[in-house]
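Let me begin by presenting the structure, written as structure tokens, before commenting on it.
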């Protein structure tokens, strides 16, 4: 890119911080700002990136050539306003990534669920195979410690988010669609619109590229029809190009044989639990095969993949209580995660401490949430994490708790973190599993319990 002095509004975000580090290491002069200081912003500062806390108009200096901002930044943001007044070009994060990707052959991982884990799998395989990829994903990799990597090749692995049609700015060499599920309906409005968005993503894959898609997902035919590239399918059904058989679970972790067009190709023993991670691995296997990576290399790397933080992450043990943390915040994710927890825990007790994420999602999926906790022996529900949304008095965690109870769930509402922590200390016993769950800051409860031990 011709611009060398680039400023990030919202630099503390997981994606923005990774981009900032990639560019900083590439020789660009990077600055940024955020509302509060965090471990991420402190890390950026130690690297020599100028980070301003908080956002302020004075942070926008005349020498800045380009402003990058997140979708969460509104037009009344002081730095946004100052940049407009000074005539400095501005790009939303996804559009900026599209500009950055023009010099690469991107592998973009899309889907309603599993993007971060699958992106980390593809990242691990391409690194292991010697492709020297650049990486930018939405979570810190357990095999690497960060959410980014700077490589020297044209291979770029990144997570492709559908919210606000962000992934429409990109033109992948390989595009992966893991699944399509009713989410972000506050933006899309309907399932038809959501499917159309994924179809547009598929149509943007380069004609000489590949669409890797799970066989039979909602909107499958419409999405495949829109693609002008080669299409490869994966899934649990035997008519998928890449599928699994001879499946066995050990402590909740799947061991399976990969079939490619009906022929046995490789044996994989995952370190990650659940059928959903087996599907993620199949998607990764298919995409990696399209890159020409040998099957034995893919299988060996996947068998050693450790995933990312906040995805069924074992945080530690407290007086014999296993504390697991997971990012699941949609009913489909909760059901899959608790199923994996049950396979791991056996007959032992599972206590799920759930923090709903956004009023809109809680309201739109209230009935589905009520059914999602069937594998938990007890459900503790704390207040909704609002994220980008204003308060909605028509929905609450108390309402969700009553709906879960009416569906047969053993659920209670607890109004804050301190009381939830005290409840856990007084009511869980040796051999129990505590599963903190949600896309907000619920993980802090487990961290604090372990710190106090």
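Residue numbers (this note's numbering): 1 to 453.
Glycine included, every Cβ here is placed at the ideal spot set by N, Cα and C.
Bear in mind the structure is a predicted one, so any value in this text is a computation, not a measurement.
Residue interval of the alpha helix (DSSP H) (run including residue i)
i	result
residue 128	115-128
residue 298	295-304
residue 24	14-25
residue 440	From DSSP, residue 440 is part of no alpha helix (DSSP H); its letter is neither H nor E.
residue 333	331-345
residue 101	No alpha helix (DSSP H) holds residue 101; DSSP gives it neither H nor E.
residue 371	366-372
Exposed unless 16 or more other CB atoms sit within 10 angstroms - verdict on residue i
i	result
residue 452	exposed
residue 56	exposed
residue 115	buried
residue 46	exposed
residue 216	exposed
residue 263	exposed
residue 388	exposed
residue 308	buried
residue 241	buried
residue 248	exposed
residue 25	exposed
residue 21	buried
residue 113	buried
residue 363	buried
residue 393	exposed
residue 367	exposed
residue 42	exposed
residue 432	buried
Residue i in three-state terms, based on DSSP
i	result
residue 403	helix
residue 394	coil
residue 166	helix
residue 34	coil
residue 50	strand
residue 55	coil
residue 383	coil
residue 39	helix
residue 84	helix
residue 361	helix
residue 107	strand
residue 471	What the structure shows of the chain is the stretch from 1 to 453, and residue 471 is not part of that stretch, so it cannot be assessed.
residue 149	strand
residue 91	strand
residue 8	strand
residue 325	strand
residue 131	coil
residue 156	strand
residue 389	coil
residue 79	helix
Spatially closest choice to residue i from the options, by CA coordinates
i	options	result
residue 179	279, 147, 119, 81	279
residue 226	233, 238, 198, 218	198
residue 331	131, 310, 374	374
residue 293	392, 126, 139, 367	126
residue 205	231, 173, 412	173
residue 162	10, 182, 370, 362	182
residue 93	38, 15, 84	15
residue 164	184, 155, 170	184
residue 220	252, 13, 176	176
residue 218	398, 195, 37, 238	195
residue 132	123, 444, 140, 274	123
residue 35	13, 170, 24, 84	13
residue 418	397, 444, 400, 412	444
residue 189	433, 360, 396	360
residue 228	323, 353, 111, 212	212
residue 167	355, 335, 99	99
residue 376	386, 393, 350, 395	350
residue 73	64, 266, 340, 8	8
residue 54	29, 10, 117	10
residue 192	64, 214, 223	223
residue 442	430, 338, 323	323
residue 430	415, 317, 157	317
Boundaries (first-last residue) of the beta strand (DSSP E) holding residue i
i	result
residue 255	253-260
residue 354	350-354
residue 313	313-318
residue 66	66-69
3-residue-minimum beta strand (DSSP E) runs that sit fully inside the region 170-213, ordered along the chain: 174-177
Completely contained alpha helix (DSSP H) runs for the region 409-436, where each covers 4 or more residues: 417-427
Entirely enclosed beta strand (DSSP E) segments - the region 220-290, minimum 3 residues: 230-234, 242-250, 253-260, 263-269
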